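Numbering (our numbering), first residue to last: 86 to 250. Heads up, the beta-carbon is just placed ideally off N, CA and C, and yes, glycines get one too. As the structure is a prediction and not an experimental result, all values here were calculated from the model. Remarks on the structure that follows.
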């Protein structure tokens, strides 16, 4: 599982970096053309949509790395098994949220699939919305992996066969 999640995370980071470069290039083109008095309409939509994709891809990877936004005040006060149980509980709550968001984001993507971009009507809006199911499904996979790794630290699972490495 670790190999799969590491591969997915690296793919997401690489794609996110590429999309940030696209964002910066589109923004630079937009600034230069406005300065020159030329109107280039497509740069705004390219910049916004590539930025959205980059941020959502980064969000999923932050879930994998446990660097996402969270309330970790209690985890600093607990040690050992109590801390592990708290972390597992927090990840289970997030997992339930991500599963529901995965289901609804698939519906939203299907609903907007045939919508067109304003400045480039040849492009479908569905591809922009596709980032939501990708993010929530990969975040769910990362959370399952995080729960599994945290559960391995509990003493009740120390002798379990699935924990032998």
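Distance between residue j and residue i (C-alpha atoms, nearest Å)
{"i": "residue 215", "j": "residue 133", "result": "15 Å"}
{"i": "residue 91", "j": "residue 174", "result": "23 Å"}
{"i": "residue 128", "j": "residue 119", "result": "11 Å"}
{"i": "residue 206", "j": "residue 233", "result": "45 Å"}
{"i": "residue 121", "j": "residue 135", "result": "24 Å"}
{"i": "residue 167", "j": "residue 200", "result": "49 Å"}
{"i": "residue 107", "j": "residue 149", "result": "25 Å"}
{"i": "residue 164", "j": "residue 143", "result": "29 Å"}
Residues that residue i bridges to, as DSSP identifies them
{"i": "residue 209", "result": "201"}
Check whether residue i and residue j have beta carbons under 8 Å apart
{"i": "residue 220", "j": "residue 111", "result": "no"}
{"i": "residue 102", "j": "residue 115", "result": "no"}
{"i": "residue 223", "j": "residue 88", "result": "no"}
Residues near residue i by beta carbon distance below 7 Å, same chain, minus five either side
{"i": "residue 194", "result": "211, 214, 215, 217, 218"}
{"i": "residue 179", "result": "228"}
Residues near residue i by beta carbon distance below 8 Å, same chain, minus five either side
{"i": "residue 58", "result": "No information on residue 58 is available, as it lies outside the stretch 86 to 250 that the chain covers here."}
Nearest-angstrom beta carbon gap, residue j and residue i [assumed within contact, 8 Å]
{"i": "residue 198", "j": "residue 130", "result": "Their Cβ separation, rounded to whole angstroms, is 17 Å, which puts residue 198 and residue 130 out of contact at 8 Å."}
{"i": "residue 235", "j": "residue 187", "result": "Contact doesn't hold; Cβ gap of about 21 Å is too wide."}
Own chain partners of residue i with C-beta closer than 6 Å, once the 5 adjacent residues on each side are dropped
{"i": "residue 86", "result": "230"}
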